[in-house]
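Enquirer: To start, I am sharing the structure in question, which I have written as structure tokens.
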Amino acid sequence: MSSFLSIDPQYLASQYTQIERAGTDKLLSAKSNQFSAQLNAIKKLQTALKDFSSQLKDFRSSADSSLLANTASSSSESTLSVKAGSTAVAGSYDVFVEQLAQNHQLALSFDPAATLATDGEFSIDLAGNSFSVDLASLPANATVTELAAAINNHVDNPGVSATLMRSGTETFLVISSDDSGAANQLSLNFTAGTDPAGADISTALAGQQELKKAQDAIVRLGSDSAISVTSASNSLSGVIEGVTIDLLKVQTTGDSPVSIKVGQDDEAISGKLQQFVDGVNGIIGSINKDSNLNSDSMARSIQNQLRSAFQGTFEGSTLYSVGLEFDRNGKLNINSKRFEQALAADPAKLDAMLSSDTGVLAKLETSLEPYSKNFGLLNDKTKTLQASLDLVTEKQKRHDYSMELTYKRYLGQFTQMQVTIAQLESSLGQF
Numbered sequence: 007m008s009s010f011l012s013i014d015p016q017y018l019a020s021q022y023t024q025i026e027r028a029g030t031d032k033l034l035s036a037k038s039n040q041f042s043a044q045l046n047a048i049k050k051l052q053t054a055l056k057d058f059s060s061q062l063k064d065f066r067s068s069a070d071s072s073l074l075a076n077t078a079s080s081s082s083e084s085t086l087s088v089k090a091g092s093t094a095v096a097g098s099y100d101v102f103v104e105q106l107a108q109n110h111q112l113a114l115s116f117d118p119a120a121t122l123a124t125d126g127e128f129s130i131d132l133a134g135n136s137f138s139v140d141l142a143s144l145p146a147n148a149t150v151t152e153l154a155a156a157i158n159n160h161v162d163n164p165g166v167s168a169t170l171m172r173s174g175t176e177t178f179l180v181i182s183s184d185d186s187g188a189a190n191q192l193s194l195n196f197t198a199g200t201d202p203a204g205a206d207i208s209t210a211l212a213g214q215q216e217l218k219k220a221q222d223a224i225v226r227l228g229s230d231s232a233i234s235v236t237s238a239s240n241s242l243s244g245v246i247e248g249v250t251i252d253l254l255k256v257q258t259t260g261d262s263p264v265s266i267k268v269g270q271d272d273e274a275i276s277g278k279l280q281q282f283v284d285g286v287n288g289i290i291g292s293i294n295k296d297s298n299l300n301s302d303s304m305a306r307s308i309q310n311q312l313r314s315a316f317q318g319t320f321e322g323s324t325l326y327s328v329g330l331e332f333d334r335n336g337k338l339n340i341n342s343k344r345f346e347q348a349l350a351a352d353p354a355k356l357d358a359m360l361s362s363d364t365g366v367l368a369k370l371e372t373s374l375e376p377y378s379k380n381f382g383l384l385n386d387k388t389k390t391l392q393a394s395l396d397l398v399t400e401k402q403k404r405h406d407y408s409m410e411l412t413y414k415r416y417l418g419q420f421t422q423m424q425v426t427i428a429q430l431e432s433s434l435g436q437f
């Protein structure tokens, strides 16, 4: 008679349990994989959409929210450098640099090891704004080093810096206005207290040296005797419309003025537009390539919104007429020939079609906003998918628990069967 004693109850219980659970495991695993893939795809789309929407928003809210770009050059980069914004007008301009703007700078000679007076007030006035350092508030045995720190850290400091400079055996407390310009004049004063050491500060003030004079920049538009323009800064942004001029060096009488040339930068304009075209294609491409997205109704809706934003007329013309078109694969392209023709014919109109409040970029921003905002449609979609995934996970946990009980039931049955057969075989062996 064959024996059942060689059969492993644990093995049999495991096999029977696996057979019983296989169907549900397969179903739940498929659901989990499906929801995970959909969730990851939607999250990637959400990130791409937010990035593109932020790009649109940042561009349209910037001070220079125009696709137009200009280039500027200086005939003497060592004298002045230039940068042109979108509002600059093409042309040639001559500028003569007569004077550079400077901040005011005063120096007072101190013995670096000498202890300052324990009372009195050291006052600084900058363009009518004054503050005072009370020497009594300085640390014990304070020197000029602590005075400089107190000036720099004073709560009422309107824009003054103090530092120590050394020349040979002399040490100077150098006080400077942070900003340049004739109006930023410094004035120093000391009101002595009862400590005789205050005389050292009074002596230093009496011997103060002016290292730099507070002065404005002066340029002339044209030759060295033409129209004069002053500026508190060496960076001039209003002299030539749309052009920023940074002054670097003073010219001398008889020098030729620096020639500034401004022209439209077609390559930069095309590059700006290409960034937005790439953003559109990135979103459309991600939807087309991912099977979890190209069958999703919301993803298809986003794709349709992107395409529809380019339809219709802008400033009386279609975007196709200025070179923007979708190919048969749904990719947005720039037709260089039509774009260059439109740019040459009327750059202002082209810019309005693209970047004005009624242009295609504004239309794109409005169309995508319901999907890309923090509590928008895509956010709701991710929450729904996450909830579905969590539900599958919970079902899997309950199923695992149920199958654990099933395994224990089978184990008990097969173990009891093994015991019963062993008893029968033992009884039969007695005959």
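Per our numbering, the very first residue in the sequence shown carries number 7; after that it's consecutive.
Beta carbons: idealized from backbone N, C-alpha and C, even for Gly.
Bear in mind that the values here come from a model prediction, so they are computed numbers and not experimental data.
1. To test your reading of the DSSP string, which unbroken beta strand (DSSP E) runs of 3 or more residues are found completely within the segment 327 to 369?
2. Just how far apart, CA to CA, sit S8 and N46?
3. Can you look up L253 in the DSSP assignment and give me helix, strand or coil?
4. Around the Cβ of P263, are there at least 16 other Cβ atoms within 10 angstroms (buried) or fewer (exposed)?
5. Measuring straight from C-alpha to C-alpha, what distance separates R226 and A119?
6. Nearest to L122 by alpha carbon, out of L132, L112, S129 and N147?
7. Report yes if the CB atom of K49 is closer than 8 angstroms to the CB atom of T388, and no otherwise.
8. How many Å lie between V73 and E273 at the Cα?
9. Exposed or buried, what is D296 when buried is set at 16 or more other beta-carbons lying within 10 Å of its beta-carbon?
10. Within the same chain, show all residues whose beta-carbon is closer than 6 angstroms to that of Q214, passing over the 5 residues directly before and after it, in chain order.
11. For A189 and L106, what's the separation of their Cα atoms in angstroms?
12. With which residues is V101 paired in a DSSP beta bridge?
13. What span of residues does the alpha helix (DSSP H) with G277 cover, start to end?
14. Between which two residues does the alpha helix (DSSP H) holding N135 run?
15. Which one or two residues does DSSP pair with K89 in a beta bridge?
16. Report the start-end ranges of each beta strand (DSSP E) in the segment 177 to 235 that is 3 residues or longer and not cut off at the edges.
17. Pick out the complete alpha helix (DSSP H) segments inside the segment 8 to 78, 4 residues or longer, and give them in chain order.
18. Here's the rule: buried if 16 or more other CB atoms are within 10 angstroms of the residue's CB, otherwise exposed. What is T372?
19. Nearest-angstrom Cα distance between S42 and H405?
20. Which word fits F381, buried or exposed, when buried means at least 16 other C-beta atoms lie within 10 angstroms of its C-beta?
21. G288 to V245, Cα distance in whole Å?
22. CB-CB under 7 angstroms to L132, same chain, minus the five flanking residues each way: which ones, in chain order?
23. Are D222 and S237 closer than 8 angstroms when you measure CB to CB?
24. Check whether the segment 82 to 89 and the segment 61 to 72 touch, using three or more Cβ-Cβ pairs below 8 angstroms as the test.
25. By Cβ distance below 8 angstroms, which residues in the same chain neighbour E104 in space, the five residues on each side in sequence not counted?
26. Taking only three categories from DSSP, how would you classify L383?
27. Got a sec? Which residues, its chain only, sit under 7 angstroms from A210 by beta carbon, not counting five neighbours each side?
28. Suppose the cutoff is 7 angstroms on Cβ atoms and the five residues either side in sequence are ignored; what does the same chain contact list for S433 look like?
Expert: In terms of the structure at hand:
1. 330 to 332 and 338 to 340
2. Any answer about S8 is weak, because its pLDDT of 49 lies below 50 and its placement is not dependable; what the coordinates show is given next. Using only the alpha carbons, I get a separation of about 57 angstroms.
3. strand
4. buried
5. 49 angstroms
6. N147
7. yes
8. One detail in the question is off: residue 73 reads as Leu in this sequence, not Val. Answer to the nearest angstrom: the Cα atoms are 11 angstroms apart.
9. buried
10. L112 and L114
11. 14 angstroms
12. L227 and V264
13. D272 to K295
14. Counting along the chain, N135 falls outside any alpha helix (DSSP H), though it belongs to the beta strand (DSSP E) covering N135 to D140.
15. T250
16. 192 to 198, 215 to 218 and 223 to 227
17. 15 to 67
18. exposed
19. 19 angstroms
20. exposed
21. 42 angstroms
22. P164, G165, V166, S183, N190 and L192
23. yes
24. no
25. I224, V225, R226, D230, S234, V256 and Q257
26. helix
27. L114, S115 and F116
28. none
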